[in-house]
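See below for the structure under consideration.
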Amino acid sequence: MRLSRYFMPILRDDPKEAEIVSHKLMLRAGMIRQEAAGSYSWLPMGFRVLKKIEQIVREEQDRAGAIEVLMPTIQSADLWRKSGRYDAYGKEMLRIKDRGDRDMLFGPTNEEMITDIFRAGVQSYKDVPRNLYHIQWKFRDEVRPRFGVMRGREFLMKDAYSFDLTREAGQHSYNKMFVSYLKTFARMGLKAVPMRAETGPIGGKDSHEFLILAETGESEVFFDKGFHDMDWGAFEIDYDNVEAVAKVVDEFTSKYAATSEMHDAADYEKRVPTDRRVTGRGIEVGHIFFFGTKYSEPLGCQVQGPDGKMVVLQSGSYGIGVSRLVGGIIEASHDKDGIIWPESVAPFDIGLINIKTGDADADAACEKIYAGLTAKGKDVLYDDRSQPGGAKFATMDLIGLPWQVIIGPRGLKDGVAEIKNRKTGARENVALDKVVERLAG
401 MRLSRYFMPI LRDDPKEAEI VSHKLMLRAG MIRQEAAGSY SWLPMGFRVL
451 KKIEQIVREE QDRAGAIEVL MPTIQSADLW RKSGRYDAYG KEMLRIKDRG
501 DRDMLFGPTN EEMITDIFRA GVQSYKDVPR NLYHIQWKFR DEVRPRFGVM
551 RGREFLMKDA YSFDLTREAG QHSYNKMFVS YLKTFARMGL KAVPMRAETG
601 PIGGKDSHEF LILAETGESE VFFDKGFHDM DWGAFEIDYD NVEAVAKVVD
651 EFTSKYAATS EMHDAADYEK RVPTDRRVTG RGIEVGHIFF FGTKYSEPLG
701 CQVQGPDGKM VVLQSGSYGI GVSRLVGGII EASHDKDGII WPESVAPFDI
751 GLINIKTGDA DADAACEKIY AGLTAKGKDV LYDDRSQPGG AKFATMDLIG
801 LPWQVIIGPR GLKDGVAEIK NRKTGARENV ALDKVVERLA G
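401 is the number of the first residue of the sequence shown in the working numbering; add one for each residue after it.
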């Protein structure tokens, strides 16, 4: 993509309405535009990141055996009345009426709808276990939407829902999602610490939230620094192996980790030596729940068991904040100059900077490298604008692409391009005919 033809409305200064780093940088880098309080349009640069995160989430859900569906954003209030949550959910739920004066709502979550869908499509114990998920926009009317996409009213979420015949089978479904989340976040360059959590308005018995460390996190966290030494995603796992999956969960829950709401100071001091205690702030990027028959029972989700008797199904739900992760990754990975994207979610792989656009030799070298990298499957953002070199460097550092290739008259005299790693700041001179091999080999 040539930057001269791209839509990326860069801001020079921090917007006054932005309070935290990710909100400032997303606005400055032209990733989003606010349309209403807590509601944003995703501009091309932000949308590319959003889709990459969504795809990683999808691939790891599929790998864990979940099956993708798509449910509507607008739901009937009738199902929520059956579960008892229509009035209990509070003002965060946006309640509306259609032209037939029927009570509807903009879904904040989908436990009721998916349970009703599954109830209508399942008959026998042979039809379980199943885990259905979708990636869909939600709406929660936050009393004070702030911090950009970190606490918006409209947001993109992956929510999965498991259905099992027994409590033990349900625990395995819960464990599979736990492990899948570890691998999902690791692919994004994150170590999201799993912490036992309150169930909140979802309800249920077991619950863990996954938090990434960031100074601007909403929750104070306390955990064993031994988490940093654990294998977060490189391990292979057979999701059908109940013992192997449970072992990973046991390993990650054996160490102390708690938010301030669940923190037990005495237990923390007892279990964690002083030199291994870590306190900081965390951003929630995922939350999993096991709630048994909380929704299956009132909605009549049951099957005929092996003995011919009807069995109410056991369920759980599993959420990942896809749009929130865009802000969360920035909060965890930035410096004074801008964003530092992990390679797996970067909007482009490489930024190609032509210091002297209009110079025949510089233009020719850039065109050749641009064509070569593109042919190798690399996403390249080519800054071919007629702007000073300093402005181009500042733009590339702001948007945080993992690699920069810098072409200028001085380097051309020596037959080299400068390659910069955005994360480390390391620079190296590479022969012009070796640049493509160096970055795409």
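Beta carbons are placed, not taken as given, at the ideal position from N, Cα and C, and that holds for glycine.
Quiz item: When we look at the beta-carbon of Phe691 and count the other beta-carbons within 10 Å, is it buried (16 or more) or exposed?
Solution: buried
Quiz item: Would you call the stretch 737-746 and the stretch 703-713 in contact, with 3 or more CB pairs under 8 Å?
Solution: no
Quiz item: Can you pull the DSSP bridge partners for Phe555?
Solution: Lys538
Exercise. For the stretch 561-577 and the stretch 523-538, state whether three or more C-beta atom pairs, one from each stretch, are separated by less than 8 Å.
Key: yes
Quiz prompt | N- and C-terminal bounds of the beta strand (DSSP E) containing Val703 | solution = 702-704
Quiz item: Straight-line CA distance for Phe652 to Phe627?
Solution: 8 Å
Quiz prompt | Rounded straight-line distance, which links the Cα of Pro788 to that of Gly604 | solution = Residue placement at Gly604 cannot be trusted, given a pLDDT of 46 that sits under 50; what the coordinates show is reported in the next sentence. In a straight line, the C-alpha of Gly604 is about 58 Å away from that of Pro788.
Quiz prompt | 8 Å Cβ cutoff met for Ile730 and Val421 | solution = yes
Exercise. Please report how far the alpha carbon of Leu411 lies from the alpha carbon of Ala762, in whole angstroms.
Key: 27 Å
Quiz item: Around the Cβ of Ala658, are there at least 16 other Cβ atoms within 10 angstroms (buried) or fewer (exposed)?
Solution: buried
Quiz item: What residues in its chain sit with their C-beta under 8 Å from that of Leu812, if we drop five residues either side in the sequence?
Solution: Asp761, Ala762, Ala765, Leu832
Quiz item: Roughly how many whole angstroms lie between the Cα atoms of Met493 and Arg587?
Solution: 33 Å
Quiz item: In terms of DSSP beta bridges, what is Leu781 paired with?
Solution: Gly751
Quiz prompt | Rounded straight-line distance, which links the Cα of Thr509 to that of Met577 | solution = 18 Å
Practice problem: Kindly indicate which residue of Arg785, Phe622, Leu590 has the alpha-carbon position closest to the one of Met408. | Solution: Arg785
Exercise. Please confirm if the stretch 588-598 is in contact with the stretch 671-691, defined as three or more CB-CB distances below 8 Å between the two stretches.
Key: yes
Practice problem: Look up Leu713 in the DSSP assignment and say whether it is helix, strand or coil. | Solution: coil
Quiz item: The alpha helix (DSSP H) with Gly790 in it runs from where to where?
Solution: 789-799
Quiz item: Straight-line CA distance for Gly552 to Gly721?
Solution: 11 Å
Quiz item: Apart from the five residues on each side of it in sequence, which residues of its chain come closer than 6 Å, Cβ to Cβ, to Gln475?
Solution: Leu505, Gly507, Met513
Exercise. Decide yes or no for the touch test of the stretch 749-758 against the stretch 770-785: beta carbon pairs closer than 8 Å, at least 3 of them.
Key: yes
Exercise. Work out the CA separation of Gly758 and Val830 for me, nearest whole Å.
Key: 23 Å
Quiz item: DSSP state of Val741, grouped into three classes?
Solution: Per the sequence presented here, residue 741 reads as Trp, with Val not at that position. Looking at Trp741 - three-state DSSP - the assignment turns out to be coil, as it is neither helix nor strand.
Quiz item: Terminal residues of the continuous alpha helix (DSSP H) containing Thr515?
Solution: 511-521
Quiz item: In terms of residue numbering, what span does the beta strand (DSSP E) encompassing Leu582 cover?
Solution: First-last for Leu582: 567-587, but that is the alpha helix (DSSP H), not the beta strand (DSSP E).
Self-check item: Residue closest to Arg838, alpha-carbon to alpha-carbon, out of Leu773, Met431, Ile432, Ala794
Solution: Leu773
Quiz item: Relative to the alpha-carbon of Ser441, which residue among Leu425, Ala634, Phe555 has its alpha-carbon at the smallest distance?
Solution: Phe555
Quiz item: Buried or exposed: where does Ser573 fall if 16 or more other Cβ atoms within 10 Å of its Cβ makes it buried?
Solution: buried
Self-check item: Delimiting residues of the beta strand (DSSP E) encompassing Pro594
Solution: 593-596
Quiz prompt | Check whether Val621 and Arg681 have beta carbons under 8 Å apart | solution = yes
Quiz item: Does DSSP put Gly604 in a helix, in a strand, or in coil?
Solution: Only weak support is given to the placement of Gly604: the predicted model assigns it a pLDDT of 46, under 50, and the value that follows is read from those uncertain coordinates. DSSP places Gly604 in coil when its eight states are reduced to three.
Self-check item: Where the beta strand (DSSP E) containing Tyr489 begins and where it ends
Solution: Looking at the DSSP string, Tyr489 is not in any beta strand (DSSP E), and its letter there is neither H nor E.
Quiz item: Among the residues of its own chain, which have a CB less than 7 Å from the CB of Val836, if the five just before and after it don't count?
Solution: Ile769, Gly772, Leu773, Lys776
Self-check item: Continuous alpha helix (DSSP H) stretch holding Glu818: start and end
Solution: Segment 816-821 is the beta strand (DSSP E) holding Glu818; no alpha helix (DSSP H) there.
Quiz item: Among Glu697, Asp797, Lys756, which has the Cα closest to the Cα of Leu739?
Solution: Leu is not the amino acid found at residue 739; the sequence shown has Ile there. Taking only the C-alpha atoms, the option nearest Ile739 is Asp797.
Exercise. Would you check if the distance between the CB atom of Val726 and the CB atom of Ile453 is smaller than 8 Å?
Key: yes
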